[in-house]
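What follows is one structure encoded as structure tokens, with my remarks underneath.
In the numbering used here, the protein residues as written are 44 to 173.
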């Protein structure tokens, strides 16, 4: 755990930083609690072909499709967005540090490039011809 010491006029303020996700905390107990959480294994690598489990909508042709694209960036480890995790992922990411995958894909109807960030439970890997 990293400790940051700031000297302000008339007081000294300490900030504690989790080594895994770099989140800053005001007290040491919270930072140690965060560090104790496990880190999710990376499910995908850069350049992997993936498919999103939900449908996306093409506004130009008014059609739905399952986005298929490549992982272009991996963010993390970080703490998941709890509201999104509970509402859409049935709390499958609770209690651990996770990775977010930035995926880019072209629309199969209009060709417009699109992209978004996803957690690993939202994605399926397509067989890569390696």
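Note that the Cβ used here is the ideal one computed from N, Cα and C, for glycine as well.
Three-way DSSP call (helix, strand, coil) for residue i in this model
| i | result |
| --- | --- |
| residue 45 | strand |
| residue 105 | coil |
| residue 128 | helix |
| residue 165 | helix |
| residue 66 | coil |
| residue 152 | coil |
Endpoints, the beta strand (DSSP E) within which residue i is located
| i | result |
| --- | --- |
| residue 122 | From DSSP, residue 122 is part of no beta strand (DSSP E); its letter is neither H nor E. |
| residue 143 | 141 to 149 |
| residue 55 | 54 to 60 |
| residue 92 | 92 to 95 |
CB-CB length for residue i against residue j, believed under 8 Å
| i | j | result |
| --- | --- | --- |
| residue 141 | residue 123 | 5 Å |
Own chain, CB closer than 6 Å to residue i, minus 5 neighbours either side, in chain order
| i | result |
| --- | --- |
| residue 164 | 132 and 135 |
| residue 89 | 114 |
| residue 121 | 64 |
| residue 152 | 101, 104 and 106 |
Residue range of the unbroken alpha helix (DSSP H) whose run includes residue i
| i | result |
| --- | --- |
| residue 40 | Since the displayed the chain opens at 44 and closes at 173, residue 40 lies outside it and no answer follows. |
Top-ranked residue by Cα proximity to residue i, from the options
| i | options | result |
| --- | --- | --- |
| residue 25 | 52, 129, 150 and 74 | Nothing can be reported for residue 25, as the shown portion of the chain is limited to 44 through 173. |
| residue 119 | 55, 57, 50 and 62 | 62 |
| residue 150 | 82, 98, 71 and 166 | 98 |
Cutoff 8 Å; reference residue i; Cβ partners in own chain excluding five residues on either side
| i | result |
| --- | --- |
| residue 174 | It is not possible to answer for residue 174, since the shown part of the chain is limited to 44 through 173. |
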